Amino acid sequence: MRIVHYNLTTTSKEGGVETFVWELSRQQARRGHDVTIIGGAGHVERAVEGVRVLRYPFVDRMAWRSLPPLRRHYELTKLLERLSMLPAALPALLGAHPDILHLHKPYDFPVAPLLRLGGARVVYHGHGEDFYPLDWTLAPAIDGMVSCSSYNAATVQARYGREPVVVYNGFDQHHFTPRPVDPALRASLLAPGERAILVVGRLQPWKGVQYAIRALPLIDPALPVRLLIGAEGTYRPELERLVAELGLEGRVTFLGTIPHRELPRYF
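Heads up: the sequence shown begins at 1 in UniProt numbering, then just goes up one per residue.
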């Protein structure tokens, strides 16, 4: 089958949904499918054999939010970000003649009716609650809905009136296997006798990293613990201010984005 994953952030940001798209594409290509990822112009790269990757320009959501009327319109600016890529990406999207168009955000629902005209079947994969006003009017153009959990399936059903099939996220058991401790890595991050709490995930308010920071002073002082934050995101400045406010500069380390291939070393 010809499968197209259409998701702007797969090639422009690091995150869970983005990793999911890369890894699902990898497995589909291994099974002999013709797989294309269409995303935004960005610098995120993954070595995924047999997967075609196309990137197109877009207007970042933060640029939209710099406009005073849109400053507090989170959902609308994400929708505008996605729509801004569509004129450049549409010719390739139509030219791919996919059997399956796999969408990962409701913000991309507007492409569904266009692709169905060419005979594609459209799948929406629910990963969260990225809903926006009137998105439900485009739901009839979606042929199938999948959710990553029963909870997500319930939210999608409440929104669109259709019960998705629950398919839990998998993981690469060959990549994420227990490994011996890396003494050099540990020594570079921790003082002798210090223990670590590692948080990995894009830095956004809903990820809850701020609660891990606030919990750090509650740990018994006799147990030396350092919080390692392995991620980037727009919420990082706020988290850094919180660390300074609580006087935890010596107990919290921001590592930045840890490449996917390196994560098992840290785990």
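Every residue gets a Cβ at the ideal spot worked out from N, C-alpha and C, and that includes glycine. Keep in mind that this is a model prediction, so the values were computed, not measured.
Measure from the alpha carbon of residue i to the alpha carbon of each residue in the options, then state which is nearest.
{"i": "A191", "options": "V225, V209, A215", "result": "V225"}
{"i": "R202", "options": "F254, L248, Q157, H175", "result": "F254"}
{"i": "Q27", "options": "A215, P237, N169", "result": "N169"}
{"i": "L24", "options": "K13, G50, A41", "result": "G50"}
{"i": "G144", "options": "S84, Q157, P133, R71", "result": "Q157"}
{"i": "P57", "options": "W22, E245, L90, G126", "result": "L90"}
{"i": "Y266", "options": "V199, N7, K13, P205", "result": "V199"}
{"i": "P221", "options": "P87, E75, R251", "result": "R251"}
{"i": "P87", "options": "Y132, V59, E75", "result": "V59"}
{"i": "I100", "options": "A215, V35, R186", "result": "V35"}
{"i": "V21", "options": "G233, Y132, H125, A153", "result": "H125"}
{"i": "V73", "options": "H104, D130, G15", "result": "Before going on, a small fix: residue 73 reads as His here, not Val. Among H104, D130, G15, the Cα nearest to that of H73 is on D130."}
{"i": "A92", "options": "E75, R82, L115", "result": "L115"}
{"i": "Y6", "options": "L246, R55, A187", "result": "R55"}
{"i": "H102", "options": "A215, A184, I38", "result": "I38"}
{"i": "R46", "options": "G32, G15, L76", "result": "G15"}
{"i": "G42", "options": "H33, M62, D135, K13", "result": "K13"}
{"i": "D135", "options": "K105, W64, A153, R241", "result": "K105"}
{"i": "V209", "options": "V243, L189, A187", "result": "V243"}
{"i": "E163", "options": "N152, D172, W64", "result": "N152"}
{"i": "K207", "options": "V44, R236, A63", "result": "R236"}
{"i": "T177", "options": "R30, E262, L8", "result": "E262"}
{"i": "L246", "options": "P259, Y211, F171", "result": "Y211"}
{"i": "H260", "options": "V44, A29, R61, V146", "result": "V44"}
Below 9 Å between beta carbons: does that hold for residue i and residue j?
{"i": "L223", "j": "R195", "result": "yes"}
{"i": "C148", "j": "V166", "result": "yes"}
{"i": "G128", "j": "V17", "result": "yes"}
{"i": "T11", "j": "V53", "result": "yes"}
{"i": "I213", "j": "L228", "result": "no"}
{"i": "Q204", "j": "T234", "result": "yes"}
{"i": "L70", "j": "L80", "result": "yes"}
{"i": "residue 289", "j": "L76", "result": "The structure shown has nothing for residue 289, since the chain only spans 1 to 267."}
{"i": "H175", "j": "P264", "result": "yes"}
{"i": "E238", "j": "G256", "result": "no"}
{"i": "L216", "j": "L248", "result": "yes"}
{"i": "G40", "j": "T9", "result": "yes"}
{"i": "G230", "j": "I258", "result": "yes"}
What are the residues that DSSP puts in a beta bridge with residue i?
{"i": "Y6", "result": "I38, L103"}
{"i": "S147", "result": "G126, V166"}
{"i": "R121", "result": "I100"}
So that I know if they touch, is there some Cβ in chain C lying closer than 9 Å to that of residue i?
{"i": "V166", "result": "The question asks about chain C, but that chain is absent: this structure has only one protein chain."}
*If we count Cβ pairs, one from each stretch, closer than 8 Å, do we get three or more for the stretch 133-150 versus the stretch 103-113?*
A contact is defined here as three or more CB-CB pairs under 8 Å, and the stretch 133-150 meets this definition with respect to the stretch 103-113.
*Report the residue ranges of all beta strand (DSSP E) runs contained in full by the UniProt domain "Glycosyl transferase family 1" (189-267); include only those spanning at least 3 residues, in chain order.*
Unbroken beta strand (DSSP E) runs of no fewer than 3 residues, entirely contained in the UniProt domain "Glycosyl transferase family 1" (189-267), are found at 195-200, 225-230, 252-254, following chain order.
_alpha helix (DSSP H) runs wholly inside the stretch 16-68, at least 4 long, in chain order_ = Counting whole runs of 4 or more residues, the stretch 16-68 contains the alpha helix (DSSP H) stretches 16-30, 61-65.
*So, do the stretch 2-9 and the stretch 80-96 have three or more beta carbon pairs nearer to each other than 8 Å?*
yes
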